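Colleague: Numbering (our numbering), first residue to last: -7 to 163.
We treat Cβ as the ideally placed atom computed from N, Cα and C, and that holds for glycine.
Remember, predicted model here, so these are calculated numbers, not experimental data.
Okay, handing you the structure first.
In structure tokens form, the structure reads like this:
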């Protein structure tokens, strides 16, 4: 909310008006309230929540896939013209995050399991939130990088987890 305008001005030489208050309110509605409601429901209705838990990841994945499909369909023309630049930015952002998370954890002396966890945590950002905020406060084309990132970080994270799992079996 605060760094985006500064980074955009510095990196692109363009001023972007970010409605900080409205975006923070959106984050409250999209993240804080649902998480709080989930914690409350888990406390008040633990047996019901336990029965529902097996299907919740599938519902979440289906919702993200639907959102990404809509964003991609709305931006087919923009994707064709901006595709390479956006893809490169997404790849570099993800790879830099994965590398930085792992490297910083290594420099701080964390064991391998924690290094891998931090790599994933830093490399995988909340692209669903990015898409929702961009759609609400900007435009469908502003949501495109978040949609692409959502696809890419799921692929890169899966490949990295597979690689680390194979490596662990050999050790």
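(1) Going by DSSP in three states, residue 69 sits in which element: helix, strand or coil?
(2) Which of the three DSSP states is assigned to residue 130 in this structure?
(3) With residue 83 and residue 156 assumed to form a contact (beta carbons below 8 Å), what rounded beta-carbon distance in angstroms separates them?
(4) Check whether the region 123 to 140 touches the region 55 to 69, counting contact only when three or more Cβ pairs, one atom from each stretch, lie closer than 8 Å.
(5) Can you tell which of 121, 159 and 115 has the C-alpha that lies nearest to the C-alpha of residue 149?
(6) Please report the distance separating the alpha-carbon of residue 71 from that of residue 146.
(7) Taking the continuous alpha helix (DSSP H) assigned at residue 34, which residues delimit it?
(8) Counting along the chain, where does the alpha helix (DSSP H) carrying residue 101 start and finish?
(9) Starting from residue -3 and walking both ways along the alpha helix (DSSP H), at which residues does that stretch end?
(10) On the criterion of 16 or more Cβ atoms from any shown chain inside 10 Å, does residue 53 qualify as buried, or is it exposed?
(11) Taking three-plus beta-carbon pairs below 8 Å as touching, is the region 28 to 38 in contact with the region 103 to 119?
(12) On the CB-based measure, 16 or more other CB atoms within 10 Å of its CB, does residue 7 come out buried or exposed?
(13) Using alpha carbons as the reference points, say which of 29, 3, 162 and -2 lies closest to residue 81.
Modeller: In terms of the structure at hand:
(1) In this structure, residue 69 counts as helix in the three-state DSSP scheme.
(2) Here residue 130 sits in coil by DSSP.
(3) Actually they are not in contact, since the Cβ atoms of residue 83 and residue 156 sit about 19 Å apart, beyond 8 Å.
(4) Counting Cβ pairs under 8 Å, three or more are found: they touch.
(5) Minimum Cα distance to residue 149 is reached at 115.
(6) If I take the Cα positions, the gap works out to 19 Å.
(7) Going by DSSP, residue 34 is part of the alpha helix (DSSP H) stretching over 25 to 36.
(8) Segment: none, residue 101 is in no alpha helix (DSSP H) and carries neither H nor E.
(9) -5 to 4 is the extent of the alpha helix (DSSP H) around residue -3.
(10) Under the 10 Å beta carbon count, residue 53 is surrounded by fewer than 16 other beta carbons and is classified as exposed.
(11) Contact fails: fewer than three Cβ-Cβ distances are below 8 Å.
(12) Residue 7 is exposed by the Cβ-count criterion.
(13) The closest CA to that of residue 81, considering only 29, 3, 162 and -2, is found on 3.
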